[in-house]
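Have a look at the structure below, then the notes.
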Amino acid sequence: MVVVIVLEVMVLVVFVMFVVIWVMLVVVLVVMVLVMVVVMMVMMMVVELVVGMVVVMMVVMVVLVVVEFVW
1 MVVVIVLEVM VLVVFVMFVV IWVMLVVVLV VMVLVMVVVM MVMMMVVELV
51 VGMVVVMMVV MVVLVVVEFV W
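Here the sequence shown is numbered in UniProt numbering, starting from 1 and rising by one per residue.
This is the structure in structure tokens:
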């Protein structure tokens, strides 16, 4: 009886360890995906900001050239 109980406890412990490991893996994967999404969003925002600044610079340059020509 004691041996059977010990075996059951060991099996339970191993099973719990497996479950915990799998849960940790899933959590790590989810966190990695979330971090990737956030990084992508930040990158897109930075790219949009840079593109916007470049466009503004181009518009300013064109306006300056037009003003120079008009003058």
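We put the beta carbon where it would ideally sit given N, CA and C, even for glycine.
For residue i and residue j, what's the separation of their Cα atoms in angstroms?
| i | j | result |
| --- | --- | --- |
| residue 101 | residue 42 | Coverage of the chain is limited to positions 1 through 71, which leaves residue 101 absent and any answer about it impossible. |
| residue 57 | residue 35 | 33 Å |
| residue 16 | residue 22 | 10 Å |
| residue 47 | residue 60 | 20 Å |
| residue 54 | residue 31 | 34 Å |
| residue 38 | residue 69 | 46 Å |
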